[in-house]
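For the sequence shown, the positions run 1 to 252 when UniProt numbering is used.
Yeah, the Cβ is synthetic: ideal placement off N, Cα and C, and Gly gets one too.
Since this is a predicted model, take the numbers as computed values, not measurements.
Here is the structure we will look at.
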Amino acid sequence: MYTHLSGGRANIQLLQEAAVREFVKILDRCEGTKAIIWDESLGGPVGLVARYTFLKEHHVTKMYPLRSEAWTDIDVRNIIFITRPHQTLMDYIANNIHEEERKRKVSRKEYFLYFLPKKSFLCEKRLQIKGVHGSLSYIGEFRCEFFPFDNDLLSMELKDAYKEIYIEGDTSSLHQSACALVALQKLYGRIPKVYGIGSYAQRVWEITKALTEEDGHVMNNEKGVIDQMLIIDRSTDLMSVLATQLTYEGLI
Numbered sequence: 001m002y003t004h005l006s007g008g009r010a011n012i013q014l015l016q017e018a019a020v021r022e023f024v025k026i027l028d029r030c031e032g033t034k035a036i037i038w039d040e041s042l043g044g045p046v047g048l049v050a051r052y053t054f055l056k057e058h059h060v061t062k063m064y065p066l067r068s069e070a071w072t073d074i075d076v077r078n079i080i081f082i083t084r085p086h087q088t089l090m091d092y093i094a095n096n097i098h099e100e101e102r103k104r105k106v107s108r109k110e111y112f113l114y115f116l117p118k119k120s121f122l123c124e125k126r127l128q129i130k131g132v133h134g135s136l137s138y139i140g141e142f143r144c145e146f147f148p149f150d151n152d153l154l155s156m157e158l159k160d161a162y163k164e165i166y167i168e169g170d171t172s173s174l175h176q177s178a179c180a181l182v183a184l185q186k187l188y189g190r191i192p193k194v195y196g197i198g199s200y201a202q203r204v205w206e207i208t209k210a211l212t213e214e215d216g217h218v219m220n221n222e223k224g225v226i227d228q229m230l231i232i233d234r235s236t237d238l239m240s241v242l243a244t245q246l247t248y249e250g251l252i
């Protein structure tokens with residue numbers, strides 16, 4: 001199904017298959033017809049993991065972007081929200097649920113919420129304040145740290161990470177990056193040589209080491225298929241992201 005991802009030194013198809021298995025668990029938790037309401041930033045990336053035919057096989061009949069205005073006419077048994085853990089998006093979810101609850105006499109739906117990649121206490125608290133936490137049949141996690149673009153290119157799709165760290169002072173993406181590196185080593189083996197540039201690169205690796213020591217599984221692994229890793233703090237190289245193909249040789 002994803003044979004184009006298996007041609008590199010590390011078989012990226014394994015990463016894709018692990019994400020698909022996680023997604024199957026999410027879809028199979030609820031029976032009957034399903035609609036998925038995505039955090040708009042995830043629609044494209046998750047599409048790399050689950051194609052339309054796959055979703056159709058698991059009774060997903062409709063898909064919508066998550067927006068502030070509630071969707072109407074969602075004629076399914078189950079509504080699945082998949083979102084990043086941002087409090088503003090919890091308000092959008094609450095709007096959608098309140099609108100459906102208003103029409104309860106017409107239809108009774110079940111609601112499921114999955115945070116990608118990890119739950120947030122503050123977001124759950126926000127749902128309680130909005131009065132919809134109890135309406136959710138299940139709140140879980142969609143543990144998909146990487147989205148494969150090719151057999152040698154992965155992305156975490158954290159487009160707001162720089163702004164969150166340097167402007168808002170929110171360093172949660174550092175912990176998320178560390179969790180992703182732990183997951184990578186669980187799948188492909190321990191990375192023996194790690195180099196970093198920048199203070200936040202060092203912090204990511206320190207968190208990664210702490211997580212692997214707690215887990216024990218990675219530390220006991222033999223050397224894997226990845227020989228070296230270089231972690232670069234974006235603040236040490238701001239110019240390259242502004243470069244075009246003509247000025248930066250079209251590396252990506």
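(1) Comparing C-alpha positions only, which one of Phe54, Asn78, Ala201 and Ser235 sits nearest to Tyr166?
(2) Whose C-alpha, out of Leu153, Ser173, Asp152 and Ile36, is nearest the C-alpha of Ala161?
(3) Could you have a look at Ala35 and say whether DSSP puts it in helix, strand or coil?
(4) Straight-line CA distance for Asn96 to Glu22?
(5) Which residue marks the beginning of the beta strand (DSSP E) containing Gln78, and which one marks its end?
(6) Bridge partners for Tyr92 per DSSP, in chain order?
(7) Three or more C-beta pairs closer than 8 Å, one from the region 63–73 and one from the region 11–22: is that the case here?
(8) According to the Cβ coordinates, are Val204 and Ala178 closer than 7 Å?
(9) Please name the residue in Ser240, Gly32 and Phe81 whose C-alpha comes closest to that of Glu57.
(10) If you draw a straight line from the C-alpha of Ala18 to the C-alpha of Glu101, how long is it?
(11) Whose CA, out of Thr88, Phe146, Ser135 and Gln185, lies closest to the CA of Cys123?
(12) Mapping the DSSP letters down to three states, classify Leu251 as helix, strand or coil.
(13) Runs of 4 residues minimum, wholly inside the region 104–182: which ones carry the alpha helix (DSSP H) assignment?
(14) Hey, out of Ile207, Pro192 and Ser199, whose CA is closest to Gln176's CA?
(15) Can you tell me whether Glu214 is buried or exposed, with buried defined as 16 or more other CB within 10 angstroms of its CB?
(16) Would you mind working out which of Ile79, Ser135, Pro192 and Gly131 sits nearest Val60, comparing C-alpha positions?
(17) For Thr171, collect the residues of the same chain with a Cβ closer than 6 Å to its Cβ; drop the 5 residues on either side in sequence, then sort them by chain order.
(18) Going by DSSP in three states, Ile191 sits in which element: helix, strand or coil?
(19) Give the range of the alpha helix (DSSP H) segment to which Ile12 is assigned.
So, from the listed chains and residues:
(1) Along the sequence shown, one-based indexing puts residue 166 at 166. Taking only the C-alpha atoms, the option nearest Tyr166 is Ser235.
(2) Reading the sequence shown from its first residue, position 161 is the one you call residue 161. When each option's Cα is compared against that of Ala161, the closest is Ser173.
(3) Indexing the sequence shown from 1 puts residue 35 at position 35. Strand, per DSSP.
(4) Here residue 96 refers to the residue found at position 96 when the sequence shown is read from its first residue. Here residue 22 refers to the residue found at position 22 when the sequence shown is read from its first residue. Looking at the two C-alpha atoms, the distance is approximately 25 Å.
(5) On the sequence shown, residue 78 is found 78 positions in, with the first residue counted as 1. Just to set this straight, residue 78 is Asn in the shown sequence, not Gln. Asn78 -> beta strand (DSSP E) spans Asn78 to Thr83.
(6) Along the sequence shown, read from residue 1 onward, the residue named residue 92 stands at position 92. Answer by DSSP bridge pairing: none, since Tyr92 is not bridged.
(7) no
(8) Counting from one through the sequence shown, the residue named residue 204 turns up at place 204. Counting from one through the sequence shown, the residue named residue 178 turns up at place 178. Contact: yes.
(9) What you label residue 57 is simply residue 57 of the sequence shown in a count that begins at 1. Comparing Cα-Cα distances from Glu57 to each of Ser240, Gly32 and Phe81, the minimum goes to Gly32.
(10) For the purposes of this step, residue 18 is identified with residue 18 of the sequence shown, where counting begins at 1. For the purposes of this step, residue 101 is identified with residue 101 of the sequence shown, where counting begins at 1. C-alpha separation (whole angstroms): 35 Å.
(11) On the sequence shown, position 123 is the one that residue 123 refers to. Per the Cα distances, Thr88.
(12) Residue mapping note: residue 251 aligns to position 251 of the sequence shown, counting from 1. Residue confidence for Leu251 is low, a pLDDT of 49 falling below 50, so the modelled location carries little weight and cannot support an answer.
(13) 121–129 and 161–166
(14) To locate residue 176, count along the sequence shown from 1; it is residue 176. Comparing Cα-Cα distances from Gln176 to each of Ile207, Pro192 and Ser199, the minimum goes to Ile207.
(15) Numbered from 1 along the sequence shown, position 214 holds the residue referred to as residue 214. Classification of Glu214: exposed, given that the 10 Å Cβ count is below 16.
(16) Within the sequence shown, the letter at position 60 stands for residue 60. Ranking the options by Cα distance to Val60, first place goes to Ile79.
(17) Taking the first residue of the sequence shown as position 1, residue 171 is located at position 171. Answer for Thr171: Ile165, listed in chain order.
(18) As a first step, residue 191 must be located in the sequence shown, where it is residue number 191. Looking at Ile191 - three-state DSSP - the assignment turns out to be coil, as it is neither helix nor strand.
(19) Here the question's residue 12 lines up with position 12 in the sequence shown. Run containing Ile12: Ile12 to Asp28, per the alpha helix (DSSP H) assignment.
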